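Letter by letter, the sequence shown follows residues 10 to 525 of our numbering.
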Amino acid sequence: MTGARAAAEHDGLLEYSPAALLAVDTNGEIQAHSRALSAWLGVPEAGADLRGRNIVEWLTPSSRLLYETRILPQLFETGHAREVVLELRTAEGATRAVLCNAEVRVSELGTRTIYIAAFDAGGRISFERELVEARLAADEAHERLALLQETTSALAVARGVGDLAEALVHGAGRATHAAWTAVRVAAQSSADPGAGGVSGGAAGPRGSRGPGGAAGVADAGVVGVAGAGEPRVQTWGELPPGLKRTGALTPRAERLVCRTPAEIAESFPDTAHELHAGGVEALIIAPITRGTGDDARVLGEIVCGFRRPRALEPDELETLHALGVQAERVIEHLHLQEQLRHRALHDGLTGLPNRVLFAERLGQLLAVSARTGEACAVLFIDLDGFKAINDGAGHAAGDEVLRAVAARVRASCRAGDTVSRLGGDEFVVAVSGATREAVTALAERIRAAVREPLDAIVRGARLSTSVGVARWDPTPGGRAPTVDGLMNAADAAMYTAKYGGKDAVVVREWAGEPGA
């Protein structure tokens, strides 16, 4: 086949090529083009002549910016551009992604012409987009798995509910990228009627504050608790501003998801204004539950707030659910541990701290007094006449009397004082901020409370108490007492009161160990 014949047979090569071929000048004006370009742009006639029009007319705004600021400078500098993706806007308003190769040719007259070959890249772009989305999904799944593993590991070594809650706050915040994250947990451990912690303050009436002291000690990390009469609820982290959740947990074991301010207003009509003022526009409350269905019991909740409306995808919600499932198992374990510890450190009859816990608290109190220079004291209480009641009315009545005395002694003391039953009919109290006048008044209140009639238990029975007080004031100096030393001194003062006629109070200052 001669060259002339071959050329004649392929005259339609440019017209029928599936690629769009065109030549433009440096200003973008089309000099020549193939039929495919007209078809892609959707001009009224498939073979319409586009010469004289500017190629940028069909570029989307972002592609035009790319063409004018990146591609043209590259062409003028290097003479070519390879595999550049541009978007064309058709006459119907649709877009078509094209992959372009371009070269610059200079004529004998010095005129520069840009020759462009464009290929339909829709399939390739879709494939690459799907590939990127698959990679992102895989990365997100890996991140969620790593987060769950990390949080589960932190929960496994939690030594208390505080450790658990802090791990949940961190994990839930990372999982949802929330602006505010909080965890609320219902306290299930037994109450400690005989202790309010070590606090600095004078031994005054119950609930009163002494100099430099407080009526009670708050739990570390807690920002809110339930009101009186409700199960105590502890909160860790930061609640969304305006969300009033300082009371008991909701009994509903259902997740609450508010993706927009309108949904928040529907779910929280009474506080929607405060939430809006606080900048909260989306919200999740995920319960931590034990059991399912009607038997489900709410142990706590995870609260996440957001500054903008959020889609809150199923993966995010499932991660929160998984965190709640892990937390439920640990909470039950921690509550069981706390119950066992409580039983080991408390008197089974009265619920007061036993000798072991009292010694621990008194040791802490002595350390605080040595550091602050504030006086402390131990009151040793022995009941007068209890043996006669126990022998005459029976042990059941005796137990009721001991419970009543424990309640009366506890009611006579501050919330911050530690009241303990050592065994039998002996009780002790550790107080801080103990001026001589204050501890004497406290001992007299206890003596008067014990003398109140016991008719509800044993009609006609009378009971009194001998109280010995050992007070240590660190300000004059001298050797500090040990736990056993101060307790023995109070015990000796109590025996002085008992041998002196009973139903009396004897107060002594700590003067050091006998024989020291």
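Ideal Cβ positions, reconstructed from N, Cα and C, are used throughout, including at glycine.
Since this is a predicted model, take the numbers as computed values, not measurements.
How is residue i classed by DSSP in three states: helix, strand or coil?
i	result
K511	coil
P27	coil
G246	strand
N63	strand
T328	helix
L154	helix
T69	coil
G100	In the sequence as displayed, the identity of residue 100 is Ala instead of Gly. Of the three classes helix, strand and coil, the one that applies to A100 here is coil, per DSSP.
I80	helix
R316	coil
H404	helix
H186	coil
S378	helix
L3	Residue 3 cannot be examined here, being either before or after the span of the chain that is shown, 10 to 525.
A90	strand
G487	coil
I466	coil
E518	strand
T505	helix
L343	helix
L95	strand
G251	coil
E51	The identity of residue 51 in the sequence shown is Gly, whereas the question assumes Glu. DSSP places G51 in coil when its eight states are reduced to three.
Mind checking who residue i pairs with in its DSSP beta bridge?
i	result
D356	Answer by DSSP bridge pairing: none, since D356 is not bridged.
T122	D34, R114
C385	S441, W481
P362	H355
F128	L108
G432	E435
R417	BP columns for R417 are empty, so no partner.
S473	D393
V192	W245, I311
H42	L31
T427	A439
In whole angstroms, give me the CA-to-CA distance for residue i and residue j.
i	j	result
V307	E446	49 Å
L411	M496	21 Å
L258	S473	45 Å
Y504	R241	41 Å
A130	L30	15 Å
E92	R316	41 Å
I273	T298	23 Å
A320	T328	15 Å
R517	A479	5 Å
A126	A90	11 Å
G432	A353	14 Å
R460	G510	15 Å
Y25	S47	12 Å
E159	G182	13 Å
A103	V178	46 Å
D391	R456	10 Å
R62	E77	16 Å
A416	I293	43 Å
A295	G302	16 Å
A286	G180	27 Å
E175	D426	30 Å
I123	E66	17 Å
Q243	R105	58 Å
L345	R138	52 Å
R44	L74	26 Å
I466	K396	15 Å
Q335	V312	16 Å
H282	A271	11 Å
S441	V194	31 Å
G357	L349	12 Å
A28	F128	5 Å
H355	D408	16 Å
A57	G88	30 Å
L248	V339	23 Å
L374	D434	24 Å
E453	G394	18 Å
E96	A155	39 Å
G360	A513	26 Å
L326	A150	13 Å
V266	F277	12 Å
Would residue i count as contacting chain B if we go by Cβ distances under 8 Å?
i	result
G432	Of the chains in the structure shown, none is chain B; there is only one protein chain.
*Which ranges would you report for the alpha helix (DSSP H) in the segment 256–309 if only whole runs of at least 4 residues count?*
Given a length threshold of 4 residues, each whole run of the alpha helix (DSSP H) inside the segment 256–309 is given here in chain order: 270–276, 281–286.
Tell me whether the segment 364–380 and the segment 447–459 touch, counting them as touching only if at least three CB pairs, one residue from each stretch, are closer than 8 Å. With a cut-off of 8 Å, the segment 447–459 and the segment 364–380 do not count as touching, because too few Cβ pairs lie within range.
Check whether the segment 482–497 and the segment 371–382 are in contact - that is, three or more C-beta pairs closer than 8 Å. A contact exists between the segment 482–497 and the segment 371–382.
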